[in-house]
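Below: the structure, in structure tokens.
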Amino acid sequence: MDETVKKALLDIVREENFSDSLIDLISDSYDASEHKHRPDVAVWPQNTEQVSAILKLANEYKVPVTPRGAGTSLSGTTVPVQGGIVLDMLRMDKILEIRVEDRLVVVEPGVVYDQLEKALDSYGFFFPPDPASGVVSTLGGNVAVNAGGLKGVKYGTTKDYVLGLEVVLANGSVLRTGSRCMKCVSGYDLTKLFVGSEGTLGVITEITLKVNPKPPAIATCTAYFDDMADAGSAISETMRSGILPRTLEFLDDQCIVALNQGTDLNLPEVAAMVLAETDGFTQEGADYEMDKVIEVFERNNARGITRAYSPEEAEHLWTARKSFGGVITRLKNNFIVDDTTVPISKLPEMLTGVKAISKRYNVPIATMGHLGDGNLHPNILYDGIDPEEIARVRKATADIFKLGLELGGTLTGEHGIGLAKAEFMPLEHDEVAMEVMRSIKRLFDPNNILNPGKMGLEV
Amino acid sequence: MEAKYNFADRFGDQVLRCSKCGLCQAVCPVFGAMLRPSYSARGKMLILKEVMDGTIELSDELIETLFQCTICKSCFENCPSGVDVPEIIRQTRRDMVQIGSCHPAFEGMNEVLKNHTNIYAEDEPEDFERERNKKAKYVYFIGCVGSYREDEATMSTLDLLDRLKVDYTLIDEVCCSGVLEDLGYQINERLARKNIDLILATGAKAVITGCPYCSRTFNSKPQYAELNDKGIKIIHVTQFLKGMDFGVKTDKLVTYHDPCDLGRHCGIYEEPREIVRKIAPRFAELRHNRVDALCCGAGGGVRGAYPKNSIAMARRRLQEVEEVGADVVLTECNSCVHNLSNAKLRKQKFRIYNISQFINELMEGTE
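This is the structure we're talking about:
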């Protein structure tokens, strides 16, 4: 990188917020995916003015800029694949306003999801889209990839809560979108354009989020299924039974085997396990919905249904689901976690299809997911040493994407495209859609400095 | 094939098992205070992964992160993949020392302990106005920080033991030197021998330690195995005081800070709380407590090598004290007392004590 650019960056953020040390360049080369590439420098801006000055400079010298939050992306979204500047937003971490009377909060992008949760708790409010990495993931990152979570089935994803943004554009100008109202149809919805744009259109420097009153009553149950398709049917039937659970988590037989190998849970080695949770403002309400869930589960051949009657019992039921992240990393050296999402009614076909793909390529796939919203997480396990094995993994991944799309689904429900799914974009979006997306990218970022190489937008 | 560095031989599988999920960032005290990803446990593992791949070598360039870890063990407790980062860091520091890449402060401490009896190179120990090396049922082992930096706190603890009519003696103790193992060196055999001989000479059946790190060193390091072989028990002062009746109470709002060496490293969480609850009916837990407790920032050689960042970590812990509105923070580790006290701002009016010191002051009527 041009020394003039380095010197100018130093002037903007000062020494303590600038680094070209090896240790920082290595740690910023990665996110939680298998991708990596070193940047040339890392900077930690403190405010919007600094972000603006940095982008103006980068635009002038045509230096790539990759914004980064906690670096928990599973798609390579924050990997600076063309080098340049990593714009680490962690030090813009203030909760600026909590206005429960207006049902909103205003935060800087580096605020961690969990930090906001704790702050809202004393008001009896919460921010519902809760990614599994919420103890570390930043709200800026969550907005940039439109993160989902375990309660998406009832509460939707991040996009359903973003009321407005402050975004620094590639030329350094500062754009304010949306409003601080519950309703707003004034002009184009620029806010939504930036949610999920993976840092390719601008850098988010302030976020206004809608928050919800927190339902205090919860009901939880787990159930086992001898046939995986039955579990899929139970979930899709629950979703049309007239109630709305907040969570429907699914673990397949491979996940259960992994849990039994890595923990003392001693789960029955059946085809699938489902955890359901309902909530409400009275216990009767939550229980009424849970009765319905159990009724549907029983009709679909569930067995061993266990219902929690205390928070401790509920916590116990969650143990298997929560332990999964730990055991999965111990089976093989590497794993790819996809987030293919299908229409809810297509779940049984998608689940059996993934099994067939696993068999076809002789690649172990442990599938879990937030199935209430049709969101699967097939975890493809591999060692990554044998090139022939890696080739089979690539084919299996491609086939999962194709199957999802054939069933009317999407490549990604909540992780984003990043690098991992970039080459598959044209499978989901036809040339008209791809060209519209490319035109939008050109409009906002004519020099292609913002997170270049992502989302398959470059021809 | 033998790896180039011992850390790769011993822990290579764990370094590769790190799934890069980043959950350790939520609990790493160094990352939390500095918000620099290379300081987190994940950052360190990624760097070691590249060393194993041969992309980079261990070198002076890596000191800044590899020697900046308080060995607080929070990452290990929260790692879904069970990566024992503190042990990996300790081994890597040994590898670094072998190739001549070491933080000067760490090197300095090893040199100091070659020629002196304590980490501060102070040659005139405080005598605490007590006869030393006499025959007694217990040895009270103070530790370096309690002897040379928090001597008022130590005096108070000793006064409490006297009030409780405990038959103990002090010895001409020298640094247990356990800390050297965190810094890339080995326990100093000369110092270990001296401590063992002095303890054995008293005929004591148990050693009560004020410092949880000393306690851990005596209990777990082979250089001190002779103590255990001769049937001498090692107990931390909180374990000793548990179950005793002091007949005093405070009406102040009290909280408790879990030292990493006592909590995560030894699993002692409830004994100190039992004592605190007895003397302080108004008790409030800090937001991060027990296994989740935030490190004070002093451990793993960080206070000596990176004092500014060490204080920044202590300040984060003290913010939690402000949150609960406590009047008094109790702990039982002189190193924590020392670092937290140094970090306390003028506007923060709460007081920081060891439990034993606080009880003594209550009994004395000065608190």
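Protein chains in written order, with numbering that gives the first Met the number 0: chain A, 0 to 458; chain B, 0 to 366.
For each residue, glycine too, the CB sits at the ideal point set by N, CA and C.
Is the Cβ of residue 82/A closer than 8 Å to any Cβ of chain B?
So no, residue 82/A is outside the interface.
Decide yes or no for the touch test of the region 96-108 of chain B against the region 56-68 of chain B: beta carbon pairs closer than 8 Å, at least 3 of them.
Verdict: yes, contact present.
Note down the Cα distance separating residue 178/B from residue 337/B, rounded to an integer number of angstroms.
Answer to the nearest angstrom: the Cα atoms are 17 Å apart.
Comparing the C-beta of residue 389/A with each C-beta of chain B, is any distance below 8 Å?
Not closer than 8 Å to any Cβ of chain B, the Cβ of residue 389/A fails to qualify, so no.
Which residues, taken in chain order from the region 194-216 of chain A, show a beta carbon closer than 8 Å to some beta carbon of chain B?
From the region 194-216 of chain A, no residue has a Cβ closer than 8 Å to chain B.
Where are the alpha helix (DSSP H) runs, 4 residues long or more, that stay fully inside the region 50-138 of chain A, in chain order?
The qualifying runs are 112-120.
Do you know offhand how far residue 331/B's Cα is from residue 305/B's?
Going by the C-alpha atoms only, they are around 23 Å apart.
Once DSSP output is grouped into helix, strand and coil, what is the label at residue 278/A?
Residue 278/A: strand per DSSP, three-state reduction.
Answer with yes or no whether the minimum CB distance from residue 73/B to chain A is below 8 Å.
Chain A contact via Cβ: absent.
Just how far apart, CA to CA, sit residue 469/A and residue 399/A?
This structure cannot speak to residue 469/A, because chain A is shown only from 0 to 458.
Please return the same chain residues whose Cβ sits closer than 8 Å to the Cβ of residue 28/A, not counting the five positions on each side in sequence.
Only 35, 36, 37, 38, 78, 79 meet the Cβ criterion.
Does the beta carbon of residue 42/A sit closer than 8 Å to a beta carbon anywhere in chain B?
Not an interface residue.
Can you find the residues in the same chain that come closer than 7 Å, C-beta to C-beta, to residue 81/A, ignoring five residues on each side of it along the sequence?
Hits under 7 Å: 63, 451, 452.
By the 7 Å beta-carbon criterion, what residues does the region 324-340 of chain A contribute toward chain B?
Hits within the stretch, in order: 324, 325, 328, 329, 332.
Straight-line CA distance for residue 457/A to residue 448/A?
Approximately 12 Å, taken between the alpha carbons.
If you drop the 5 nearest sequence neighbours on each side, which residues of the same chain put their C-beta closer than 7 Å to that of residue 90/B?
So the list reads 5, 6, 9, 10, once near-sequence residues are dropped.
Along the chain, where does the alpha helix (DSSP H) containing residue 282/B start, and where does it finish?
Here residue 282/B belongs to no alpha helix (DSSP H), and DSSP marks it neither H nor E.
Applying the 10 Å Cβ sphere with the 16-neighbour rule, what's the burial state of residue 302/B?
Label assigned to residue 302/B: buried.
Please list, in chain order, the residues of the region 307-327 of chain B that have any C-beta partner in chain A closer than 7 Å.
Listed in sequence order: no entries.
May I ask you to list, following chain order, the residues of the region 56-72 of chain A that have a beta carbon less than 9 Å from some beta carbon of chain E?
Protein chains A and B are contained in the structure displayed, whereas chain E is not.
Does the Cβ-Cβ distance between residue 156/A and residue 166/A come in under 8 Å?
Not in contact: residue 156/A and residue 166/A (Cβ atoms no closer than 8 Å).
Please list the partners that residue 293/B has in chain A, where partner means a Cβ-to-Cβ separation under 8 Å.
Ordered by position in chain A, no residue passes the 8 Å Cβ test against residue 293/B, which lies about 14 Å from the chain.
Closest by CA to residue 108/A, which one among 123/A, 131/A, 142/A, 120/A?
Comparing Cα positions, the closest option is 142/A.
Which word fits residue 66/A, buried or exposed, when buried means at least 16 other C-beta atoms lie within 10 angstroms of its C-beta?
Looking at its Cβ environment, which holds 16 or more other Cβ atoms inside 10 Å, residue 66/A is buried.
Go to residue 175/A, then tell me how far its beta strand (DSSP E) extends in each direction, as first and last residue.
Segment 173-177, the beta strand (DSSP E) holding residue 175/A.
Measure the C-alpha to C-alpha separation of residue 45/B and residue 52/B and round it to an integer number of angstroms.
Approximately 10 Å, taken between the alpha carbons.
Should residue 74/A and residue 417/A be called a contact, given that it needs their Cβ atoms to be closer than 8 Å?
Closer than 8 Å, so yes.
Between which two residues does the beta strand (DSSP E) containing residue 220/A stretch?
Residue 220/A -> beta strand (DSSP E) spans 216-224.
Out of 274/A, 227/A, 320/A, state which residue places its alpha-carbon closest to the alpha-carbon of residue 259/A.
Of the candidates 274/A, 227/A, 320/A, the one whose C-alpha sits nearest the C-alpha of residue 259/A is 320/A.
How long is the line joining the alpha carbons of residue 103/A and residue 119/A, rounded to whole angstroms?
About 10 Å.
Note down, in chain order, each residue of its chain lying with its Cβ closer than 8 Å to the Cβ of residue 190/B, except the 5 sequence neighbours on either side.
Once the five neighbours on either side are set aside, the close Cβ partners of residue 190/B are 112, 116, 173, 174, 175, 176.
Are the beta-carbon atoms of residue 72/A and residue 41/A separated by less than 8 Å?
Contact: no.
For residue 349/B, does the three-state DSSP call read helix, strand or coil?
Note: residue 349/B maps to coil in three-state DSSP.
When burial is assigned at 16 or more other CB atoms within 10 Å of the CB, is residue 212/A buried or exposed?
Exposed, because fewer than 16 other Cβ atoms sit within 10 Å of the Cβ of residue 212/A.
Using a Cβ cut-off of 7 Å, pull out every chain A residue sitting near residue 15/B, in sequence order please.
Within chain A, the residues near residue 15/B are 332.
So, using beta-carbon positions, are residue 129/A and residue 76/A closer together than 8 Å?
The answer is no: Cβ separation not under 8 Å.
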